Every structure is written in C-alpha cells, then in structure tokens.
C-alpha cells in the first residue's frame, strides 16, 4: 500500500525543469526539515547514503577566493547513494550507465524557498532510476 501511495505522489508531484538538467519540487518547510525528510526517504527505500556533499557551504566559503560575492544558495546539500537492484538493472541494459552512478537528490534553499530535486537522466533504462528518485522526492515533500 505504501508503495502505491508513493507512486501516486510521484505522479502528482509538481516539478519544474531548471537549466534543462534538473527536476525540482518545492518543499513547504525549512532547509533542515527538507534534508531530514530526504535522508529519511532514502533510508526508507532500504538504501545507504554514501556521501552528503555540502555544496552550499563550499560555494559560500570559496566565493571571495574566486572573485564573487554573489550568494547562490542560503544552503544546498546533495545526497549521493546507489541501489544495487536498480543499478544492476540499468547497467545490464547498458554498462555505460555506470556514468550516472551514484544517484543524487539535492536540497537547496534560495530566496524563492526550499526545493528538493534531482538531475534529469537520459530516456530509456535510466527511467527506472528517475522513478526511484521521484518516489524519494515525493515521499520527502509529503512529510
């Protein structure tokens, strides 16, 4: 039952394409609440988070070093993980799908608010990865 609810949420998930590479959904809450919701949704799928990249902190820390004082994000993290089942499926279809692993879900806060998103993968076998990521995002947004 929970899987069908998540699938229904994923279908109803409002998404916006940004920079032709990302699919995002707004999150109604704080950045910290969104990162907790994403972490919970990933672990809830039986997956292990390999690494959390604190991109927002890095950009804030290095801005002056590269001659910029522009704030891109109030905060931004990327959660990186893999799925043995999904990875095997997409790499059996095409071993070069290795280029897309690990998978990532990001949380970002800008002046416009908090969003959760993922990159847009090529059509075909990678649709299975997108379905997994969309389910994770839908669950995080719903919580």
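Residue numbers (our numbering): 223 to 365.
In this text, a Cβ means the ideal position worked out from N, Cα and C, and glycines have one as well.
Because the structure is a prediction, the values reported are computed rather than measured.
Which residue marks the beginning of the beta strand (DSSP E) containing residue i, and which one marks its end?
i: residue 302; result: 297-304
i: residue 330; result: 325-332
i: residue 335; result: 335-341
i: residue 274; result: 270-275
Which stretch, first to last residue, makes up the alpha helix (DSSP H) that contains residue i?
i: residue 361; result: 349-364
i: residue 244; result: Note, residue 244: premise wrong, no alpha helix (DSSP H); beta strand (DSSP E) at 244-249.
i: residue 345; result: Premise fails: residue 345 is in no alpha helix (DSSP H) and is neither H nor E.
i: residue 256; result: 253-266
Pick out whichever of the options has its Cα sitting closest to the Cα of residue i.
i: residue 324; options: 271, 332, 257 and 292; result: 271
i: residue 244; options: 283, 294, 328 and 293; result: 328
i: residue 361; options: 264, 254 and 246; result: 264
i: residue 315; options: 283, 345, 266 and 291; result: 345
i: residue 305; options: 255, 254 and 353; result: 353
Expressed to the nearest angstrom, what Euclidean distance is found between the alpha-carbon atoms of residue i and residue j?
i: residue 289; j: residue 280; result: 14 Å
i: residue 262; j: residue 365; result: 10 Å
i: residue 257; j: residue 330; result: 9 Å
i: residue 342; j: residue 268; result: 23 Å
i: residue 359; j: residue 339; result: 7 Å
i: residue 319; j: residue 246; result: 22 Å
i: residue 322; j: residue 266; result: 22 Å
i: residue 286; j: residue 254; result: 26 Å
i: residue 366; j: residue 356; result: Only positions 223 to 365 of the chain appear in the structure, and residue 366 is not among them; the question remains open.
i: residue 283; j: residue 349; result: 36 Å
i: residue 310; j: residue 291; result: 43 Å
i: residue 303; j: residue 317; result: 18 Å
When the distance is taken between beta carbons, is residue j closer than 8 Å to residue i?
i: residue 259; j: residue 312; result: no
i: residue 351; j: residue 308; result: yes
Exercise for the section: Report yes or no: do three or more beta-carbon pairs, one from the stretch 295-305 and one from the stretch 270-277, lie closer than 8 Å? Expected result: With the cut-off at 8 Å, the stretch 295-305 and the stretch 270-277 touch.
Practice task
Report yes or no: do three or more beta-carbon pairs, one from the stretch 242-251 and one from the stretch 329-337, lie closer than 8 Å?
Solution key: yes
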